[in-house]
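Asker:
In my numbering, the protein residues as written are 2 to 169.
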């Protein structure tokens, strides 16, 4: 299927819609999802939404969406990836021009990166996420914990209090 920039799309395996914002190759697109994230997605995982309609029947006869079939065997649930994703939110690692930013902008940049990595971990079926926020004054830590509560994820402060372990 040919995609163009601006096409509305439906994710086959997610209950999510988006808009094509960049064509990376014949097989990969960058999509701005309905919840505001830029995701690199394989073309085979998307269905183009025809203009003027929003019905599921227009997406094709064999389209599988996440909400249609939630039955999974116990063995499939146990096979959850044991991969650990470590996210270091120190501003020095995120950008080299942080000297010109004020504290609010720095925290917002760090939270955006954290938000992206949480989404990546959820979408990639990663079971554990370690978010390194540092010790400091605790502003970033409290904002990260607030973000995790919004996701309703279990999290624990590590022994040195400079990182948070998240169970997904």
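No residue lacks a Cβ here, since even glycine has one placed at the ideal position from N, Cα and C.
Bear in mind that the values here come from a model prediction, so they are computed numbers and not experimental data.
Going by DSSP, what residues sit across from residue 41 in a beta bridge?
Answerer: According to DSSP, residue 41 bridges with 31.
Asker: Quick one: residues in its chain with C-beta nearer than 8 angstroms to the C-beta of residue 154, no 5 flanking neighbours on either side, listed in chain order?
Answerer: Cβ within range, chain order: 119, 167, 168 and 169.
Asker: Please state whether DSSP places residue 147 in a helix, a strand or coil.
Answerer: Helix, per DSSP.
Asker: In chain order, what residues of the same chain lie with their CB nearer than 8 angstroms to the CB of residue 193, ignoring the 5 residues before and after it?
Answerer: One cannot answer for residue 193 here, as it falls past the ends of the chain, which runs 2 to 169.
Asker: So the candidates are 38, 49, 27 and 110; which of them puts its Cα closest to the Cα of residue 9?
Answerer: Ranking the options by Cα distance to residue 9, first place goes to 49.
Asker: May I ask you to report which of helix, strand or coil DSSP gives residue 6?
Answerer: In this structure, residue 6 counts as coil in the three-state DSSP scheme.
Asker: If you compare alpha carbons, which of 123, 162, 138 and 39 is closest to residue 152?
Answerer: If we check each option's Cα against that of residue 152, 123 comes out closest.
Asker: If you draw a straight line from the alpha carbon of residue 3 to that of residue 87, how long is it in whole angstroms?
Answerer: C-alpha separation (whole angstroms): 36 angstroms.
Asker: With a threshold of 6 angstroms (Cβ to nearest heavy atom), would residue 23 be considered close to the ligand SAH?
Answerer: With respect to the ligand SAH, the structure shown offers nothing to examine, as it has no ligands at all.
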